[in-house]
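For the sequence shown, the numbering used here assigns the number 24 to the initial residue and increments by one for each residue that follows.
Cβ coordinates follow ideal geometry from the N, Cα and C atoms, glycine included.
In what follows, a single structure is set out as structure tokens and then discussed.
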Amino acid sequence: MANWEGVNEFVAVADTGNFTQAAKRLATSVANISRRVNLLEQRLGVKLLHRTTRKVSLSEAGQLYYQHCRLLVEGLSQAELVVTQMQQTPQGKIKVTAPVTYGERKIAPLLHDFLKLYPELELELVLTNRKLDLIEQSVDIAVRLGQLDDSSFACRKLCNRQLYVCATQDYLDRFGTPYTLSELAGHQCLVGTYDHWRFKVSGYARTLKVTGKIACNSGFALLDAARKGMGLVQLPDYYVSEHLQSGELIEVLPALRDDREGVWALFPNHRLVSLKVRLMVDYLAEHLAL
Numbered sequence: 024m025a026n027w028e029g030v031n032e033f034v035a036v037a038d039t040g041n042f043t044q045a046a047k048r049l050a051t052s053v054a055n056i057s058r059r060v061n062l063l064e065q066r067l068g069v070k071l072l073h074r075t076t077r078k079v080s081l082s083e084a085g086q087l088y089y090q091h092c093r094l095l096v097e098g099l100s101q102a103e104l105v106v107t108q109m110q111q112t113p114q115g116k117i118k119v120t121a122p123v124t125y126g127e128r129k130i131a132p133l134l135h136d137f138l139k140l141y142p143e144l145e146l147e148l149v150l151t152n153r154k155l156d157l158i159e160q161s162v163d164i165a166v167r168l169g170q171l172d173d174s175s176f177a178c179r180k181l182c183n184r185q186l187y188v189c190a191t192q193d194y195l196d197r198f199g200t201p202y203t204l205s206e207l208a209g210h211q212c213l214v215g216t217y218d219h220w221r222f223k224v225s226g227y228a229r230t231l232k233v234t235g236k237i238a239c240n241s242g243f244a245l246l247d248a249a250r251k252g253m254g255l256v257q258l259p260d261y262y263v264s265e266h267l268q269s270g271e272l273i274e275v276l277p278a279l280r281d282d283r284e285g286v287w288a289l290f291p292n293h294r295l296v297s298l299k300v301r302l303m304v305d306y307l308a309e310h311l312a313l
């Protein structure tokens, strides 16, 4: 199919914005991508891409050609996917990204259990607090916490998480229990990455800047300080739930607790989601909700 030669490579370059990422996506070399796109341009007799040492951009003809070719490539991928899914056995590599702590405590164990169910799958799990570009980094599923700011991807809510303000009984005995937000100014607050705590007052969301002698970008470090009676801390449930249940930590300001926020799975918004992605998202949603 001479008319098809170079099309996959061109679409990959247009999607990712550079030859290196296109080569990674198609598991080939940069030189092969460049050669195939050059041959495509020669056959069409038009310049599809403007190349500089720093970036690649589409020409006017390239933009028009890309709009049509992208649909063809997606259509071919979907056709192959339908045939593959007839086997009902997910296989191949799946790349997932999640925030570091939530990924370590919640996501990774579930993914390992999932792979035991489907041994023909290969997993690449990237734990980072940076929001990776799903297209550029070839990510199949991104787990995100809180407010979503990108509507260009399909998403599904997996579960909710809750923030708690808490301290040890020893700390509260020594410094008193706060009942209003204004009283926090007289307390040692253990400050995380963000120095504003979140509350809900009279039905409205409110943030309050807090201060204290200890600041750290690790939730586990702040939890350790709180358990040692060194101050009040605001942390999500997966840090403090077991300590609240055991009575080691005591929740304060429960009437001003902020609303629960969503935990989401994001994935590229194709018309037909691959079997491995669909099954993994279903598995995460089922088990995180327990």
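- Straight across, the Cα-Cα distance linking Thr216 with Leu62 is about 51 Å.
- Setting aside the 5 residues that flank it on each side, Lys129 is surrounded in the same chain by Tyr261, Leu311, each with a C-beta closer than 7 Å to its C-beta; the list follows chain order.
- Of the residues assessed, Tyr187 falls on the buried side of the cut-off, its CB having 16 or more other CB atoms within 10 angstroms.
- Note that the stretch 296-308 does not touch the stretch 191-201; fewer than 3 beta-carbon pairs, one per stretch, sit closer than 8 Å.
- Per DSSP, Glu284 is one residue of the beta strand (DSSP E) stretching across 284-290.
- In this structure the stretch 133-143 does not lie against the stretch 153-162, because fewer than three pairs of beta carbons, one per stretch, are closer than 8 Å.
- Per DSSP, the continuous beta strand (DSSP E) segment holding Ser80 begins and ends at 79-81.
- In this structure, DSSP gives Ile237 a state outside helix and strand, which the three-state scheme calls coil.
- In the structure shown, the three-state DSSP call for Lys251 is coil.
- Boundaries for Thr112: no alpha helix (DSSP H) harbours it, and the DSSP string shows neither H nor E there.
- DSSP links Arg167 through a beta bridge to Trp287.
- Assigned with DSSP and collapsed to three states, Ile56 falls in helix.
- Contact between Thr124 and Val149 fails: their C-beta atoms lie close to 14 Å from each other, not under 8 Å.
- DSSP, read as helix, strand or coil, puts Val96 in helix.
- By alpha-carbon distance to Asp247, the top candidate from Val96, Leu213, Arg221 is Leu213.
- For Arg48, the uninterrupted alpha helix (DSSP H) run begins and ends at 42-49, by DSSP.
- DSSP places Leu146 in the strand class (E or B) of the three-state scheme.
- The straight-line gap separating the alpha-carbon atoms of Val30 and Ala238 is approximately 52 Å.
- Judged by DSSP secondary structure, Ala208 falls outside any beta strand (DSSP E); it is assigned neither H nor E.
- Of the other Cβ atoms in all chains shown, 16 or more fall within 10 Å of the Cβ of Glu32; this residue is therefore buried.
- Secondary structure note for Arg197: its alpha helix (DSSP H) is the uninterrupted segment 192-198.
- When secondary structure is reduced to three states using DSSP, Glu274 falls in the strand class.
- For Lys232, the enclosing beta strand (DSSP E) has its first and last residue at 227-232.
- Around the beta-carbon of Gln211, 16 or more other beta-carbon atoms lie within 10 Å, marking it buried.
- Val256 is bridged by DSSP to Cys189, Leu213.
- Secondary structure note for Lys299: it is in no beta strand (DSSP E), and the uninterrupted alpha helix (DSSP H) holding it is 298-311.
- The DSSP-derived three-state label of Phe137 is helix.
- The straight-line gap separating the alpha-carbon atoms of Thr51 and Gln185 is approximately 44 Å.
- Residue range 219-224 is occupied by the beta strand (DSSP E) that includes Val224.
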